[in-house]
Structures are given as C-alpha cells and as structure tokens.
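In order, the protein sequences belong to chains H and V.
Take 237 as the starting number for the first sequence in this note's numbering and just add one per residue.
Take 34 as the starting number for the second sequence in this note's numbering and just add one per residue.
Cβ coordinates follow ideal geometry from the N, Cα and C atoms, glycine included.
The structure appears right after this line, and notes come after that.
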Amino acid sequence: MNEAATPWQRAFRVLVTVGPGGLWLLVFVLLPTLLVLLASFLTRGPYGELTGPWGFHNYAKLFHPVYLEAFAQSLLVGVLATLISALLGYPLAFYIARHPQRDLLLFLLLLPFLTNFLIRVYAWLVLLQREGLVNALLGAFGLGPLVLYPSFFAVLLATVYTFLPFFVLPVYASVERLDWQLLEAAYDLGARPVRAFLHAVLPQTYPGLFAGSVLVFIPAMGTFVVADLLGAGRVVLMGNLIQQQFGITRDWAFGAALSVFLMGFVLLSLYLYARLQGERGLKDLV
Amino acid sequence: MRRLLTLHAFLVYLFLYLPILVIVALSFNQSRRGVRFTGFTLDWYRALFQDPRVLEYFLNTLTVAFVSTLVATLLGTLLAVGLVRYRFPGKGFLSYLLYIPVVVPDVVMGVSLLLLFALAREVLGFPRLSLLTVILGHITFQVAFVTLVVRSRLLLLDPALEEAARDLGARGWQTFWHVTLPLAWPGVAAGALLALTLSLDDFVVTFFTAGPGATTLPLYIYSSVKLGVSPKVHALSTLIIGLSAFFLALGYALTRRRV
C-alpha cells in the first residue's frame with residue numbers, strides 16, 4: 237500500500253498513529269490488569285497494605301459458602317435478567333422493525349437509556365419503597381403494603397430495566413436484515429405459523445439474540461450499584477463483595493482475587509460466545 | 034397476533050417511562066415522602082440551586098467529560114487509523130487489549146485503576162486521587178470505544194480513494210488530512226459522542242478513582258440516595274433527564290435532516 241514510503245517513514249507513521257493510544261492501553265489497561273493478578277497472590281497487612289506471604293490463600297477463600305452464595309446470586313441475576321430481557325425485548329424488536337415510525341420508536345427506546353444510570357436505579361427505589369407507587373396501586377386493590385425493597389426482586393427488576401435496550405438493539409439489527417421471503421416460502425410449503433417462525437425466522441435472529449444475551453448478561457453479573465441501592469445489604473453480589481474489600485474491609489488482596497475470578501468468568505463466557513458465533517461475533521458487540 | 038405485539042410494545046414502553054415520569058412528577062410535589070400529590074411546588078429546585086456544592090459538582094462532571102473526551106477522541110482516532118492502515122508487531126495483541134475495557138465489568142476496571150494509582154503514588158509520589166485520576170480513568174474506557182467505532186468506519190472506506198490522492202502527489206499527512214479524516218469524520222463524531230455519554234453516565238470508575246474535591250453529580254446522587262429518598266435528588270434528576278432528552282432530540286433532528 238505504501239510502496240513509496242521507506243521503512244523509516246513507515247515506522248514513523250506507525251509510531252505517530254499507534255504510539256500514543258497503544259502506550260495508553262499498555263499503562264492503563266494491561267498494567268492494572270497485571271497488578272490485580274499480582275495483588276491476588278498477596279496478603280493483607282495490619283494497616284490494609286499489601287504484603288507477603290505469597291500464595292493461593294485468597295483463591296482458597298473463594299470456596300467459603302458465603303462467597304459461593306454471592307457468586308450463585310450474581311449468576312442468577314445474570315441469567316434471569318437475560319431471560320426476562322429476551323421475553324420483553326425480542327417481540328419489541330419485531331414491533332419496532334415493522335413499524336412505519338421506527339426511527340421515533342428507537343428514539344423513545346434510547347431516551348430513558350441515556351438518562352443517567354444512577355437515576356434509573358434510584359427511580360425504582362422511589363417506586364418500590366413502602367409509600368411508593370407500586371404499593372399505592374396494590375393498596376387500591378386492597379393488597380399490601382408489601383416489602384418490595386430491599387429485595388432480590390427489586391434488584392432483578394432494576395437490572396432488567398437498565399440493560400433492556402442492550403438486548404433490543406442487536407435483535408433489532410438482525411430483524412432489519414431479515415429475509416422475509418423465507419417465511420413466505422415456509423408458508424407456501426405448508427408450514428403452520430409456529431413451525432414457519434421456528435425454522436424461517438428464529439435462526440436468522442440468532443446473531444442478535446446471542447449478542448443481546450452477552451450484552452445483558454455481562455454487565456448484570458458485574459454490577460454492584462443496583463444491588464447496593466436496591467438490595468441494601470440483603471442482596472450481595474460479586475460486585476458488592478469486591479467493593480467491600482476495597483472500601484470498608486480494606487483487604488485488597490482478597491478483593492483482587494474476587495476481581496480475577498469475576499473477570500475470568502466473564503472472559504470464559506465471551507470465549508464460549510466467540511466459539512459459537514465465530515470471529516465476527518465479538519465485533520458485533522460494539 | 035398483531036394486536037398482541039402492539040399491546041406488548043405498549044406495556045414495555047410503559048415500563049420504560051413509568052419510573053422517569055414518577056421522578057419528574059414527584060420533583061414538583063410538596064410532600065416529602067410517598068406518592069400522594071399534595072400540591073405543586075418549586076421548592077426542591079430552589080433548594081437545589083441554593084446549594085453551592087451542586088454547581089461545583091456539575092462543573093466537575095463537565096470538566097471530566099470534556100477533557101477526557103477530547104483526549105480519548107484524539108488518541109482513539111489515531112490508533113484506529115494505525116490499526117487499519119499499517120502492519121506492525123504486536124498489532125493482534127493490541128486489538129485484544131482494546132476489548133478489555135469494553136467487556137470487563139466496571140467494578141473490576143475501577144479497582145484495577147485504583148491499584149495502579151496507589152502503586153504510582155508509592156513509587157513515584159503521584160498522582161494522588163483527584164479530578165486528574167478520574168479523567169485518566171475515563172480516558173481509559175473511552176479510548177477503547179472510540180477506537181472500535183472509528184475503526185469500523187475506516188474499514189468501510191474504499192482504499193482506492195487514498196491511493197488516488199497519493200497518485201495525484203499527496204504526501205502522507207496531506208492524504209490523512211484531506212482524504213482519510215474527512216471520510217472518517219462521521220465515525221469520529223459518533224465515537225466522541227459515545228465517549229461523552231459514557232463519561233457523563235459513569236459512576237463506578239469515578240467512585241474508585243475520585244479523591245477529595247473530585248465529587249461529580251453521579252457521586253453526589255449516590256451519596257444522597259444512600260441517606261434515603263430525597264425530593265432534591267428528584268429535582269436534579271428531572272433536570273438531567275430534560276437535558277439528555279434535549280441532546281438526544283437534537284441528535285435525532287440532525288441525523289434526520291442529513292438523510
């Protein structure tokens with residue numbers, strides 16, 4: 237491509253373009269990741285500092301029932317939030333894609349999503365509190381008041397609420413590219429609606445479904461803010477444990493081990509996703 | 034079937050807007066607690082504007098967002114150009130590194146940056162946690178997003194356009210300035226807008242990298258909410274909702290006109 241350029245000129249161009257950003261990634265992404273890994277093998281000193289001895293003791297601690305339970309809860313939030321997002325988001329993507337005013341509908345989908353994340357979580361706290369709207373409505377039917385907050389239910393609800401657009405958008409992209417002639421062909425060949433959908437439509441939306449699942453599952457697994465505000469100590473997820481170790485407890489070594497574990501789990505999920513979707517899959521995520 | 038789909042869509046949109054509408058309505062409510070509307074008032078807005086700290090937090094948020102977006106857009110655009118145009122050792126590794134800030138949970142990114150800054154302070158004596166460390170943290174996740182967005186735009190471009198410029202005698206930087214950059218511009222603008230949004234929205238990375246005096250609006254909302262439901266936060270939230278609606282509508286109007 238750069239036949240005219242000498243090797244020196246080419247090296248200079250690479251240095252100017254890739255140099256600053258590349259260096260940034262090495263210092264602020266690679267180095268911190270290695271530091272977390274390093275810290276996870278250290279020990280908490282008497283003043284919360286990191287010291288020796290080295291070892292796997294922080295990882296051994298992960299198998300304590302308290303921590304296993306937090307992991308199980310995170311996994312449950314991740315899986316349930318993904319499933320509920322699919323139930324809500326999949327039909328919605330079809331509705332938007334087939335609507336004459338789809339630009340407007342997409343705009344309306346994105347609007348709450350661009351409102352600050354904390355405000356969206358906070359809004360559920362307001363709705364679910366004892367004197368909140370949900371209990372007021374239940375009261376009108378002679379029910380309640382129920383203790384809706386803090387609870388696992390509240391955490392799950394707000395998680396779905398915050399990440400739902402991440403599910404709808406990739407599915408919408410798949411539906412837009414859909415070849416509807418295949419559906420007609422299925423009908424012509426005598427398939428009933430359900431069968432026609434399962435064989436002619438659903439497989440065409442797999443890329444969107446998978447991308448949407450990853451985009452909901454990963455942030456849902458890793459969040460600590462939602463559980464912090466809406467679980468108020470009763471729902472403890474992996475993210476909350478990590479935050480506690482770096483905040484109150486000041487056991488950075490154990491916090492680092494938790495981080496490595498969470499990161500490893502996320503990367504493993506992504507690896508499985510990439511195996512399923514091929515190289516292109518990862519690029520679809522951004 | 035069609036009707037069922039319409040009903041479903043209506044309910045999902047109701048689910049999306051109900052919390053926001055409730056916040057907006059309550060910000061004008063006289064009652065401090067609960068959802069019973071006891072009368073219209075602007076008291077909470079008055080209280081908000083009379084709090085000098087809120088202006089400071091607002092300015093902090095804007096400073097972080099604009100400085101980090103500027104730096105990240107510059108670094109990310111150059112990096113994307115380099116990744117698309119040249120071959121060099123370590124290219125594959127760098128491409129993988131780009132995905133780390135995108136896929137790794139915020140909390141892990143926050144604590145890893147905290148460890149980096151703690152070590153840097155131990156060894157080099159700086160930086161102490163402040164607005165600067167928040168900006169460094171924001172640039173880090175923004176660079177990854179900007180690079181990926183600009184890169185996908187550059188990959189769509191026809192390399193023949195740059196070759197033509199060179200055949201006509203343009204030097205390397207002339208080709209870049211007069212051909213590559215104008216063609217990549219929509220990608221750069223989209224990347225910058227995404228970076229700005231991410232910065233304004235970020236709570237987690239800020240939470241771990243902010244020192245004293247570096248409170249941003251999301252940090253302020255978090256600490257107020259921890260103390261319980263507050264009408265002042267309703268008022269602040271309503272203002273932020275209004276502002277994001279305005280900017281989104283502006284973007285929507287601009288893209289529509291172009292098409």
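Open item on the list: Under 8 Å, Cβ to Cβ, is there at least one residue of chain V near A372 (chain H)?
Closed with: As a working note, residue 372 (chain H) is residue 136 in the first sequence. Yes, because at least one Cβ of chain V sits closer than 8 Å to the Cβ of A372 (chain H).
- [ ] Would you decide whether N238 (chain H) is buried or exposed? Buried here means 16 or more other CB atoms lie within 10 Å of its CB.
- [x] Reading the first sequence from its first residue, position 2 is the one you call residue 238 (chain H). Interpretation of N238 (chain H) is limited by its pLDDT of 47, a score under 50 that renders its predicted location unreliable; the figure taken from the coordinates is listed afterwards. Classification of N238 (chain H): exposed, given that the 10 Å Cβ count is below 16.
TODO: State the DSSP-derived secondary structure class of R291 (chain V), mapped to helix, strand or coil.
DONE: As a first step, residue 291 (chain V) must be located in the second sequence, where it is residue number 258. For R291 (chain V), the predicted model reports a pLDDT of 46, less than 50, meaning its position is unreliable; a value from the coordinates is still stated below. It is helical.
TODO: Pick helix, strand or coil for F70 (chain V), following the three-state DSSP scheme.
DONE: Taking the second sequence and counting its residues from 1, the one referred to as residue 70 (chain V) is at position 37. DSSP places F70 (chain V) in coil when its eight states are reduced to three.
TODO: Grab me the residues of L392 (chain H)'s own chain with a C-beta within less than 8 Å of its C-beta, minus the 5 sequence neighbours each way, in chain order.
DONE: Numbered from its first residue, the first sequence carries residue 392 (chain H) at position 156. Counting only Cβ-Cβ distances below 8 Å, and skipping sequence neighbours, we find V313, L316, A317 and I320.
Open item on the list: For V362 (chain H) and P264 (chain V), what's the separation of their Cα atoms in angstroms?
Closed with: The sequence position of residue 362 (chain H) within the first sequence is 126, counting from 1. The sequence position of residue 264 (chain V) within the second sequence is 231, counting from 1. Cα to Cα, V362 (chain H) sits roughly 10 Å from P264 (chain V).
TODO: Express the C-alpha separation of R154 (chain V) and Q480 (chain H) in angstroms, rounding to a whole number.
DONE: As a working note, residue 480 (chain H) is residue 244 in the first sequence. As a working note, residue 154 (chain V) is residue 121 in the second sequence. Computed Cα separation, rounded: 22 Å.
Open item on the list: Taking CB distances under 8 Å as the criterion, tell me whether I454 (chain H) reaches chain V.
Closed with: Numbered from 1 along the first sequence, position 218 holds the residue referred to as residue 454 (chain H). Yes, because at least one Cβ of chain V sits closer than 8 Å to the Cβ of I454 (chain H).
Task: Amino acids of chain H, ordered along the chain, whose beta-carbon sits closer than 9 Å to that of T254 (chain V) - done: Sequence index remark: in the second sequence, residue 254 (chain V) carries index 221 (1-based). In the sequence as presented, Thr is not what sits at residue 254 (chain V); that position holds Ile. Residues of chain H passing the Cβ test: N352, L354, I355 and Y358.
Task: Rounded C-alpha distance that separates V262 (chain V) from T71 (chain V) - done: In the second sequence, residue 262 (chain V) corresponds to position 229, counting from 1. In the second sequence, residue 71 (chain V) corresponds to position 38, counting from 1. Spanning the two alpha carbons is a distance of roughly 17 Å.
Open item on the list: Let me see if you follow: with CB-CB separation under 8 Å, is E367 (chain H) close to chain V or not?
Closed with: Sequence index remark: in the first sequence, residue 367 (chain H) carries index 131 (1-based). Output row for E367 (chain H): interface = yes.
Task: Residue-chain proximity (Y524 (chain H), chain V), Cβ-Cβ < 8 Å - done: Here chain H has residues from 237 to 522 only, and residue 524 (chain H) is not among them.
Open item on the list: Measuring only the C-alpha atoms, how far is P256 (chain H) from Q63 (chain V)?
Closed with: Along the first sequence, read from residue 1 onward, the residue named residue 256 (chain H) stands at position 20. Along the second sequence, read from residue 1 onward, the residue named residue 63 (chain V) stands at position 30. Cα to Cα, the separation comes out at about 53 Å.
- [ ] List the residues of chain H whose Cβ lies closer than 7 Å to the Cβ of F73 (chain V), in chain order.
- [x] The residue you call residue 73 (chain V) lines up with position 40 of the second sequence. Going along chain H, no residue has its Cβ under 7 Å from F73 (chain V), so there is no contact; the nearest lies around 18 Å.
Task: Same chain, Cβ closer than 7 Å to A113 (chain V), neighbours up to 5 away in sequence not counted - done: The sequence position of residue 113 (chain V) within the second sequence is 80, counting from 1. For A113 (chain V), where only same-chain residues beyond five positions count, the Cβ hits under 7 Å are T180, V183, R184 and L187.
- [ ] Could you tell me whether the Cβ atoms of A177 (chain V) and L131 (chain V) are closer together than 8 Å?
- [x] Locating residue 177 (chain V) in the second sequence gives position 144, where the first residue counts as 1. Locating residue 131 (chain V) in the second sequence gives position 98, where the first residue counts as 1. Yes, these two residues count as a Cβ contact at 8 Å.
Open item on the list: Could you check whether the stretch 470-489 of chain H touches the stretch 250-264 of chain H, counting it as contact only if at least three pairs of C-beta atoms, one from each stretch, sit closer than 8 Å?
Closed with: no
Open item on the list: Check whether chain H comes within 8 Å of D234 (chain V), counting only Cβ atoms and requiring the distance to be less than that.
Closed with: Taking the second sequence and counting its residues from 1, the one referred to as residue 234 (chain V) is at position 201. Cβ-Cβ to chain H under 8 Å: yes for D234 (chain V).
Open item on the list: Assess contact between the stretch 188-202 of chain V and the stretch 155-174 of chain V, defined as three or more Cβ pairs (one per stretch) separated by less than 8 Å. Is contact present?
Closed with: no
Open item on the list: Tell me whether the stretch 49-68 of chain V and the stretch 344-353 of chain H touch, counting them as touching only if at least three CB pairs, one residue from each stretch, are closer than 8 Å.
Closed with: The stretch 49-68 of chain V, when compared against the stretch 344-353 of chain H, does touch it at the 8 Å Cβ threshold.
- [ ] Within 10 angstroms of the Cβ of I484 (chain H), are there 16 or more other Cβ atoms? Answer buried if so, exposed if not.
- [x] Taking the first residue of the first sequence as position 1, residue 484 (chain H) is located at position 248. Exposed, by the Cβ-count rule.
Task: Cβ-Cβ distance between V496 (chain H) and G458 (chain H) below 8 Å - done: The residue given as residue 496 (chain H) occupies position 260 in the first sequence. The residue given as residue 458 (chain H) occupies position 222 in the first sequence. No, the Cβ-Cβ distance between V496 (chain H) and G458 (chain H) is not below 8 Å.
Task: Paired residues, beta bridge with R280 (chain H) - DSSP - done: Within the first sequence, residue 280 (chain H) is the residue found at index 44, counting from 1. Paired residues: H:L286.
TODO: Within the same chain, show all residues whose beta-carbon is closer than 7 Å to that of L382 (chain H), passing over the 5 residues directly before and after it, in chain order.
DONE: Indexing the first sequence from 1 puts residue 382 (chain H) at position 146. Result list for L382 (chain H): N371 and L374, in chain order.
Task: Cβ pair T239 (chain V), L147 (chain V) closer than 8 Å - done: Here residue 239 (chain V) corresponds to residue number 206 of the second sequence, with the count starting at 1. Here residue 147 (chain V) corresponds to residue number 114 of the second sequence, with the count starting at 1. No, the pair does not count as a contact, with Cβ atoms beyond the cut-off.
Task: Three or more C-beta pairs below 8 Å linking the stretch 122-142 of chain V and the stretch 201-219 of chain V - done: no
Task: L271 (chain H) and L149 (chain V) closer than 8 Å at C-beta - done: As a first step, residue 271 (chain H) must be located in the first sequence, where it is residue number 35. As a first step, residue 149 (chain V) must be located in the second sequence, where it is residue number 116. Yes, these two residues count as a Cβ contact at 8 Å.
TODO: Would you kindly report the start and end of the unbroken alpha helix (DSSP H) that includes L189 (chain V)?
DONE: On the second sequence, position 156 is the one that residue 189 (chain V) refers to. Here the alpha helix (DSSP H) through L189 (chain V) covers L164 to L189.
Open item on the list: What does the alpha-carbon distance come out to for the pair R356 (chain H) and L201 (chain V)?
Closed with: Position 120 of the first sequence, counted from the start, is the residue given in the question as residue 356 (chain H). Position 168 of the second sequence, counted from the start, is the residue given in the question as residue 201 (chain V). Approximately 54 Å, taken between the alpha carbons.
Task: Cβ shell of V292 (chain V) (< 8 Å), same chain only, five flanking positions each side left out - done: As a first step, residue 292 (chain V) is located in the second sequence; it is residue number 259 there, counting from the start. Because V292 (chain V) carries a pLDDT of 37, less than 50, the predicted location of this residue cannot be relied on, and no value is offered for it.
TODO: Check the Cβ of R246 (chain H) against every Cβ in chain V and list those closer than 8 Å, keeping chain order.
DONE: Residue mapping note: residue 246 (chain H) aligns to position 10 of the first sequence, counting from 1. Correct list: Y119.
Open item on the list: For a contact defined as C-beta to C-beta under 8 Å, what are the partners of T39 (chain V) on chain H?
Closed with: Numbered from 1 along the second sequence, position 6 holds the residue referred to as residue 39 (chain V). What T39 (chain V) touches in chain H: Y331.
Open item on the list: Which residues in chain H have a C-beta closer than 8 Å to the C-beta of P134 (chain V)? List them in chain order.
Closed with: Looking up residue 134 (chain V) in the second sequence gives position 101. Near P134 (chain V) (Cβ distances below 8 Å), the residues of chain H are V265.
Open item on the list: DSSP three-state label for N62 (chain V), please.
Closed with: The residue labelled residue 62 (chain V) in the question sits at position 29 within the second sequence. Correct three-state label for N62 (chain V): strand.
Open item on the list: Which runs of the alpha helix (DSSP H) at least 4 residues long sit entirely within the stretch 284-333 of chain H? Give them in chain order.
Closed with: 293-297 and 301-333
Open item on the list: Count Cβ pairs between the stretch 250-258 of chain V and the stretch 71-90 of chain V that sit closer than 8 Å; are there 3 or more?
Closed with: yes
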